[in-house]
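Visitor: In this text, residue positions in the sequence shown follow our numbering: the first is 18, and each later residue adds one. Structure below; questions to follow.
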Amino acid sequence: MAAYPDSESQPFDYTSDSDDDGLYSSNTPAPSYRLTRFTRPLVDYVRNEWQTSAKYTHLSPSSHDRSDSPRWLQMILSIVAAPRFRRYVLVYLSLLVSCFLGWKFVLSPRLQEHASLLRALDPNVKQEVGGWFGTNALPRFDYIVQLRTLDPALLPAETATAGQPSQRRLIVIGDVHGCKTELDRLLDEVSFNHEHDHLIFTGDMINKGPDSLGVVDLARQYSASCVRGNHEDRVLLLRHEMLTSNSSVNASLGDPNGEPFLPQDTQERQLARELTDEQAEWLDTCPVILDVGQIANMGQVVVVHAGLVPGVDLEKQDPYSAMNMRTVDLDTHVPTIQQTPIGSLQQSQGHLS
């Protein structure tokens with residue numbers, strides 16, 4: 018019986034055929050490859066121009082380099098060079114960047130704000146800073162109404178009444194500043210119906226604009242509610258001062274010491290003189306704080322022009338701060354009229370409206 022060599026373990030010797038005059042013949046002898054079966058890719062056995070020409074050497078590493086590289090390194094290089102691997106790397110890198118940006122600019126600031134607010138209401142912090150703002154007795158102010166409660170009959174009904182076209186609404190408008198034309202257009206935009214809706218002005222109805230008196234008359238016509246803003250406060254205090262000192266409409270534009278008034282003071286004094294007694298009396302009835310009451314899906318609602326100090330009863334809130342504050346120190350609860358977008362005052366602005 019004839020014996021055949023074991024083809025699985027027998028090495029093969031591949032050499033170039035020097036008599037081959039075919040398309041791929043070359044005067045340079047092809048390199049000899051001697052290796053075990055199943056250890057090399059088929060492309061290594063192809064005799065082609067790219068194997069011997071110098072202009073293709075930069076495109077692929079030599080066979081000798083590949084054969085000398087560890088197998089694990091060859092596997093890693095093949096995985097990294099795969100297009101699917103590169104796509105996965107791009108996708109996961111995009112997800113990682115998105116998560117980082119979401120944490121840094123969305124989630125982390127919200128968590129810090131929540132932690133700061135919890136700390137601001139911690140009684141232990143009150144002991145650390147030596148007490149909170151607003152714990153002293155509130156002095157009495159003339160010509161100022163501190164707090165009023167809205168008539169519950171004006172609150173929105175939880176369900177529509179049969180036969181009525183829509184539910185009753187509270188329409189809250191802030192800082193009109195004497196712009197009556199724009200106010201009329203706004204009421205048209207929200208389809209205001211004075212028979213079913215109730216207006217609440219959050220202060221600064223007058224001053225700066227061309228028709229402050231018209232805005233006051235419109236609010237009185239619709240029996241609107243309002244709170245006292247810093248502009249109403251200044252104009253009304255000036256009016257009371259002028260009435261006390263018997264200043265006439267044609268009084269000199271200067272104070273008793275001979276110093277000229279600032280342009281803002283001149284404008285506010287002129288507006289104070291133009292107000293009728295009825296208009297001024299109506300503005301004087303506007304409280305600093307309006308307790309609206311319980312609103313469905315909102316809870317207890319309070320309207321104020323600028324803000325409130327946390328942890329202080331409404332009756333003890335400082336009226337000047339309630340009409341002028343912009344930020345609150347989260348440790349001491351001291352309000353300030355300065356806009357401070359950094360530090361411990363940053364988070365408080367969103368909780369003062």
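Note that beta-carbon positions come from the ideal geometry of N, C-alpha and C, so glycine has one too.
Could you tell me whether the Cβ atoms of G191 and I223 are closer together than 8 angstroms?
Guide: For this step, residue 191 is matched to residue 174 along the sequence shown. For this step, residue 223 is matched to residue 206 along the sequence shown. Cβ atoms of G191 and I223: not closer than 8 angstroms.
Visitor: For C303, which of helix, strand or coil comes out of DSSP?
Guide: Here the question's residue 303 lines up with position 286 in the sequence shown. Three-state DSSP puts C303 in coil, outside helix and strand.
Visitor: State the Cα-Cα distance for the pair S125 and D308, rounded to the nearest angstrom.
Guide: Residue 125 sits at position 108 when you count from the first residue of the sequence shown. Residue 308 sits at position 291 when you count from the first residue of the sequence shown. Straight-line Cα distance between these residues: approximately 34 angstroms.
Visitor: Taking P336 and V305 to be in contact with their CB atoms under 8 angstroms, please state how far apart those CB atoms are, rounded to whole angstroms.
Guide: Residue mapping note: residue 336 aligns to position 319 of the sequence shown, counting from 1. Residue mapping note: residue 305 aligns to position 288 of the sequence shown, counting from 1. Approximately 4 angstroms separates the beta-carbon atoms of P336 and V305; this is inside 8 angstroms, confirming the contact.
Visitor: Can you check which of these residues, S111, L204 and Q163, is closest to D301 by C-alpha distance?
Guide: The sequence position of residue 301 within the sequence shown is 284, counting from 1. Closest by alpha carbon: Q163.
Visitor: What does the alpha-carbon distance come out to for the pair E295 and I354?
Guide: On the sequence shown, residue 295 is found 278 positions in, with the first residue counted as 1. On the sequence shown, residue 354 is found 337 positions in, with the first residue counted as 1. Rounded to whole angstroms, E295 to I354 spans 31 angstroms at the Cα level.
Visitor: Please tell me whether D348 has its Cβ less than 8 angstroms away from any Cβ of chain C.
Guide: This model lacks chain C altogether, as it is built from one protein chain only.
Visitor: Relative to the C-alpha of L255, which residue among A170, N314, S240 and D282 is closest?
Guide: As a first step, residue 255 must be located in the sequence shown, where it is residue number 238. Checked all of A170, N314, S240 and D282; the closest Cα to L255 is D282.
Visitor: Looking at the unbroken beta strand (DSSP E) that takes in G191, where does it start and where does it end?
Guide: To locate residue 191, count along the sequence shown from 1; it is residue 174. Element bounds for G191: n/a, residue is neither H nor E.
Visitor: According to DSSP, is P352 helix, strand or coil?
Guide: Mapped onto the sequence shown, residue 352 falls at position 335. Correct three-state label for P352: strand.
Visitor: Rank A297, Q334, R237 and E212 by C-alpha distance to the C-alpha of H257 and give the top, closest one.
Guide: The count along the sequence shown starts at 1 and reaches residue 257 at position 240. If we check each option's Cα against that of H257, A297 comes out closest.
Visitor: What does the Cβ neighbour count give for C116, buried or exposed, with the cut at 16 atoms within 10 Å?
Guide: Counted from its first residue, the sequence shown places residue 116 at position 99. C116 should be labelled exposed.
Visitor: Going by DSSP, which residues form a beta bridge with L164?
Guide: Mapped onto the sequence shown, residue 164 falls at position 147. Its beta-bridge partners are I306.
Visitor: Would you kindly report the start and end of the unbroken alpha helix (DSSP H) that includes H257?
Guide: Translated into positions along the sequence shown, residue 257 becomes position 240. H257 -> alpha helix (DSSP H) spans N247 to S262.
Visitor: Does the distance from the C-beta atom of V193 to that of V146 stay below 8 angstroms?
Guide: As a first step, residue 193 is located in the sequence shown; it is residue number 176 there, counting from the start. As a first step, residue 146 is located in the sequence shown; it is residue number 129 there, counting from the start. Cβ atoms of V193 and V146: not closer than 8 angstroms.
Visitor: Answer yes or no: do N247 and D221 have a C-beta to C-beta separation smaller than 8 angstroms?
Guide: As a working note, residue 247 is residue 230 in the sequence shown. As a working note, residue 221 is residue 204 in the sequence shown. It is a contact, given that the beta carbons lie within the stated cut-off.
Visitor: Hey, which unbroken runs of the alpha helix (DSSP H) at 4 residues or more fall wholly within the segment 99–148?
Guide: 100–119, 125–137 and 140–145
Visitor: May I have the straight-line CA-CA distance separating L107 from A99, to the nearest angstrom?
Guide: In the sequence shown, counting from the first residue as 1, residue 107 sits at position 90. In the sequence shown, counting from the first residue as 1, residue 99 sits at position 82. Distance between the alpha carbons of L107 and A99 is about 13 angstroms.
Visitor: State the DSSP-derived secondary structure class of I223, mapped to helix, strand or coil.
Guide: Numbered from its first residue, the sequence shown carries residue 223 at position 206. Reduced to three states, the DSSP call for I223 is coil.
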